[in-house]
Amino acid sequence: MVYLVLPIDLVPDFIPIIGYADDGGIVALVLRSVIRSEGTQSIRTHWPGSAEGLAVMLKFGGVSKA
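Written out as structure tokens, the structure reads:
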């Protein structure tokens, strides 16, 4: 979260497309790390959204089976 709000980026956001891609990459890496460290069962237990949203989030986080 801190990286996303800092004014300093690896690639500045004013560069079209790739400026925001590095932010998405950081979010994906953090999400994958959280899922791997906590496990999918813990994520499912605390997920406040829909089942479809959980499936998308787990897929985005690198889990093959949601």
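Residues 299 to 364, numbered by this note's numbering, are exactly what the sequence shown covers, in order. Where is the CB? At the ideal position from N, CA and C, for every residue including glycine.
Taken in chain order, the complete alpha helix (DSSP H) segments of 4 or more residues contained in the segment 317-345 are 338-344. The Cβ atoms of Val354 and Thr338 do not sit closer than 9 Å to each other. Taking every protein chain shown into account, the CB of Gly359 has 16 or more other CB atoms within 10 angstroms, so this residue is buried. For Leu356, the enclosing alpha helix (DSSP H) starts and ends at Ala349 to Phe358.
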